[in-house]
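First comes the structure, then the notes that go with it.
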Amino acid sequence: MRDEMLQEINRHAEQEYPEECCGMLLGKRRADDSEVEHVIAIDNSQGENRKRRFLVTPEQYRQAEKEAETMGSELLGFYHSHPDHPAIPSTFDTDHALPWFAYLIVSVMNGKSGDATVWTLWEDRSRFDQVGLDVKKGIHAVRQ
Amino acid sequence: MAIKVFIPTPLRACTGRQASVEVEGATVDEVLKNLSQRYGEIRQHLYTENNDLRSYVNVYVNDEDIRYLQKGQTTLKQTDTLSIVPSIAGGVDADDVAISSSVALDNEEVLRYSRHLIIPEVGMHGQKLLKESRVLIVGAGGLGSPLALYLAAAGVGTLGIVDFDVVDLTNLQRQILHTTEDLGKPKLDSARKAIERINPHVKVELHPVQLTSGNALAILASYDIVVDGTDNFATRYLVNDACVLLGKPNVYGSIFRFDGQVTVFDAKHGPCYRCLYPAPPPPGLIPSCAEGGVLGVLPGIIGTLQALETIKLILHQGDSLVGRLVLFDALSFKFRELVLRKNPACPICGLSPSIHELIDYEQFCGLTRPTEQPAEDDGLEITVEDLKSRLDRGDTPSILDVREPHEYSIVNLGAPLIPLGKLSERFQELDPSKELVVYCKSGVRSAKAVAFLRKKGYSKAKNLAGGIDAWAQRIDRKLPRY
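What follows is the structure, given as structure tokens:
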């Protein structure tokens with residue numbers, strides 16, 4: 018992922034603080050070295066309790082896939098923020114995760130974006146593992 | 011009738027990367043069933059083991075969620091499109107405690123500790139507790155080695171180590187902090203090197219001193235947990251008493267040959283070492299590892315158990331060994347557990363303690379030599395130099411080896427062997443009229459043998475001071491030492 022994309026996610030997370038933000042990651046998927054090409058913010062559709070939850074509705078999801086197709090990219094995954102909590106998947110995150118997607122979590126402490134981590138669910142749903150995040154200027158990749 | 015089914019990105023791995031596929035079926039259920047049959051792997055992602063659609067799977071007919079139609083029984087027309095649409099949701103857990111931001115982990119640390127972070131009982135909160143913690147290891151030896159390595163790897167923020175010894179060749183069979191190239195150098199140097207190689211984030215604090223009543227409280231005071239990796243009773247009582255007085259937990263381990271013990275002494279919540287052993291054994295009764303030996307892997311086992319208990323204490327997870335003494339017998343491979351109770355009469359942690367400050371532990375353990383040093387010529391002892399010069403002059407005192415047969419086979423002086431334990435039944439094989447020089451490895455067992463023999467009328471029995479070890483160091487350097 019390019020540095021300016023992570024900065025964009027950080028800004029979005031700080032802007033929505035103390036509520037959770039969410040958005041999608043589009044790009045090229047490769048077996049062990051995917052690349053984020055676009056970061057697109059999505060309105061958090063969670064009605065109540067946006068401080069602790071985010072929701073991408075099926076309609077928003079379908080829209081996201083369409084946008085990916087238009088841009089010639091694939092939907093690689095989603096990002097969301099954890100206001101005043103660490104960038105570690107919650108039980109709720111794990112329960113609602115899909116395999117294959119990359120889930121980027123950014124921690125926002127006292128309104129300031131901090132750690133960002135990327136996680137992915139195993140095919141058999143047995144584990145939610147952290148994957149490496151390479152933030153680069155120029156060359157950019159999500160390393161497994 | 012073939013219906014066009016839209017496949018979401020994460021499930022396209024199952025359909026050969028196709029975004030949509032044509033599947034036969036007159037109802038939603040039929041189409042999904044046929045889809046699952048054609049692309050077997052997709053099934054587990056759509057359905058739970060109980061054949062219910064998974065909570066994050068939504069099915070749409072055109073733009074309508076089937077929950078608002080007839081669900082699985084919704085009938086389909088040729089022109090309908092079926093879409094499988096995942097819900098994307100997440101967020102922090104309601105019961106997650108917001109953590110303090112006083113300690114932070116950078117991205118490298120998050121990745122380094124990721125196998126910890128994904129355990130719910132550790133998580134970011136626990137890893138920060140580890141980073142904030144200060145642990146003191148007393149002794150960089152057999153137990154201290156795995157302790158230091160695993161506590162460092164686990165991310166304990168500050169590791170203090172007390173040791174004043176240098177690396178000896180006999181250490182390397184078990185003390186994996188040190189290597190052959192460290193021989194003769196301070197153990198603390200190799201300990202620091204090994205820790206920094208494993209985890210450069212750990213702050214290492216070295217205390218190159220012998221722990222004494224004079225310095226123990228000051229050294230221990232700044233640590234949260236003390237781990238006892240010492241090999242002698244005086245230091246164990248000292249560490250115990252200092253921990254009780256300071257109110258700190260003491261993670262205890264001990265090893266001998268094939269046997270190990272581990273527990274956690276925490277006088278605030280359970281017994282202390284003195285509740286278990288009110289008084290030390292008489293000096294020489296319990297051999298040290300140097301005298302009795304220890305299987306090299308045993309401190310690896312006991313030391314890692316101590317590391318485990320230390321980490322649990324830091325994380326506030328699980329049941330600690332407070333009040334439980336675990337005995338490990340490697341030969342039978344049995345772990346036994348004894349219940350330890352606080353002794354109300356314990357002199358330091360009981361109801362009316364008599365010890366309020368650190369005492370003289372050498373004296374307490376009977377290690378202080380009597381103030382009146384026995385005169386050189388009282389005839390009880392002979393030095394290796396004296397024995398050598400007398401042998402050179404042609405004197406022929408009888409020599410007796412009171413070690414064990416397996417020690418005899420390592421090295422001996424060609425003298426007859428009667429192990430100390432057999433002496434009471436075999437002493438009559440010896441001639442009481444002749445001068446007799448008795449030796450063991452270092453002079454402790456032979457001193458007992460001489461005392462016994464003198465009582466039995468062998469008035470010319472003498473102890474070889476320093477034993478065969480002194481002989482090998484000062485007289486015949488070709489002999490192996492052990």
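Residue numbers (this note's numbering), protein chains in the order written: chain F, 18 to 161; chain B, 11 to 492.
All residues carry an ideal CB built from backbone N, CA and C; glycine is no exception.
None of the values given here were measured: they were computed from a predicted structure.
{"query": "Examine chain B for any beta-carbon lying closer than 9 Å to the beta-carbon of F/Gln147, and answer yes or no.", "result": "yes"}
{"query": "When you compare each of B/Gly35, B/Pro20 and B/Thr37 to B/Ala29 by their alpha carbons, which one comes out closest?", "result": "B/Pro20"}
{"query": "By how many angstroms is the C-alpha of B/Asn72 removed from the C-alpha of F/Leu43?", "result": "25 Å"}
{"query": "State the Cα-Cα distance for the pair B/Leu430 and B/Gly303, rounded to the nearest angstrom.", "result": "17 Å"}
{"query": "Applying a beta-carbon distance threshold of less than 9 Å, which residues of chain B neighbour F/Val53?", "result": "Those do not exist, as F/Val53 stays about 14 Å from chain B at its closest Cβ, beyond 9 Å."}
{"query": "Going by CA-CA distance only, name the one from F/Asp101, F/Phe109, F/Gln147 and F/Ala81 that's closest to F/Ser130.", "result": "F/Asp101"}
{"query": "What does B/Val120 touch in chain D if you count any residue whose Cβ is under 8 Å from its own?", "result": "This model lacks chain D altogether; the protein chains it does include are F and B."}
{"query": "Three or more beta-carbon pairs under 8 Å between the stretch 74-81 of chain B and the stretch 121-128 of chain B, yes or no?", "result": "no"}
{"query": "What would DSSP say about F/Arg144, mapped onto helix, strand or coil?", "result": "coil"}
{"query": "Is it buried or exposed for F/Thr134, if we count other Cβ within 10 angstroms and need 16 for buried?", "result": "buried"}
{"query": "Residues in the same chain with beta-carbon distance under 6 Å from B/Leu56, minus the five sequence neighbours each way, listed in chain order, please.", "result": "Val67"}
{"query": "Figure out for me which residue from B/Glu131, B/Val120, B/Asp486 and B/Glu118 has the closest Cα to the Cα of F/Thr108.", "result": "B/Glu131"}
{"query": "Pull up the CB-CB distance for B/Ala163 and B/Ala201, whole angstroms please, since I reckon it's below 8 Å.", "result": "The pair is not a contact, with the Cβ atoms about 14 Å apart (cut-off 8 Å)."}
{"query": "Please name the residues in the stretch 124-156 of chain B whose beta-carbon is closer than 8 Å to at least one beta-carbon of chain F, in chain order.", "result": "Ser124, Leu127, Ile128, Pro130, Gly133, Met134 and His135"}
{"query": "For the stretch 54-74 of chain B, which residues have a beta carbon sitting closer than 7 Å to at least one beta carbon of chain F?", "result": "His55, Tyr66, Asn68 and Tyr70"}
{"query": "Which residues in chain B have a C-beta closer than 7 Å to the C-beta of F/His29? List them in chain order.", "result": "None at all; the shortest Cβ gap to chain B is about 15 Å."}
{"query": "Using DSSP's beta-bridge definition, name the partner residues of B/Ser30.", "result": "B/Phe16"}
{"query": "State the DSSP-derived secondary structure class of B/Tyr449, mapped to helix, strand or coil.", "result": "strand"}
{"query": "Could you list which residues in chain B have their beta carbon closer than 8 Å to that of F/Tyr78, in chain order?", "result": "Pro18, Val95, Pro96, Ser97 and Ile98"}
{"query": "On the criterion of 16 or more Cβ atoms from any shown chain inside 10 Å, does B/Gln137 qualify as buried, or is it exposed?", "result": "buried"}
{"query": "Residues in the same chain with beta-carbon distance under 8 Å from B/Leu350, minus the five sequence neighbours each way, listed in chain order, please.", "result": "Thr273, Gly280, Pro281, Cys285, Leu286, Gly333, Arg334 and Leu335"}
{"query": "Skipping 5 residues on each side, what residues in its chain have a beta carbon closer than 6 Å to that of B/Ala204?", "result": "Leu187"}
{"query": "Return helix, strand or coil for B/Glu7, following the three-state DSSP convention.", "result": "Any property of residue 7 of chain B remains undetermined from this structure, which presents chain B solely from 11 to 492."}
{"query": "Can you give the beta carbon distance from B/Glu445 to B/Lys470, rounded, assuming they're within the 8 Å contact cut?", "result": "4 Å"}
{"query": "Quick one: which chain F residues come within Cβ less than 8 Å of B/Val15?", "result": "Chain F residues near B/Val15: none, gap ~14 Å exceeds 8 Å."}
{"query": "Residues of chain B with a CB under 8 Å from the CB of F/Val73: which are they?", "result": "Ser97, Ile98 and Ala99"}
{"query": "Suppose the cutoff is 6 Å on Cβ atoms and the five residues either side in sequence are ignored; what does the same chain contact list for B/Tyr262 look like?", "result": "Asp238, Thr273 and Phe275"}
{"query": "Since F/Glu21 is in the alpha helix (DSSP H), which residue starts that stretch and which ends it?", "result": "Asp20 to Glu33"}
{"query": "Looking at chain F, is there any beta carbon in it that lies within less than 9 Å of the beta carbon of B/Asp116?", "result": "yes"}
{"query": "B/Asn44 to B/Val31, Cα distance in whole Å?", "result": "11 Å"}
{"query": "Would you say B/Val166 faces chain F, with C-beta separation under 9 Å as the test?", "result": "no"}
{"query": "Start and end of the beta strand (DSSP E) containing B/Thr89?", "result": "No beta strand (DSSP E) holds B/Thr89; DSSP gives it neither H nor E."}
{"query": "Check the Cβ of B/Val102 against every Cβ in chain F and list those closer than 7 Å, keeping chain order.", "result": "Arg69, His99, His102 and Ser107"}
{"query": "For F/Pro35 and B/Ile229, what's the separation of their Cα atoms in angstroms?", "result": "44 Å"}
{"query": "Whose Cβ in chain B lies nearer than 8 Å to the Cβ of F/Trp139?", "result": "Those within 8 Å of F/Trp139 in chain B number zero; the least Cβ separation is about 12 Å."}
{"query": "Is there a C-beta anywhere in chain F that falls below 9 Å from the one on B/Ala23?", "result": "yes"}
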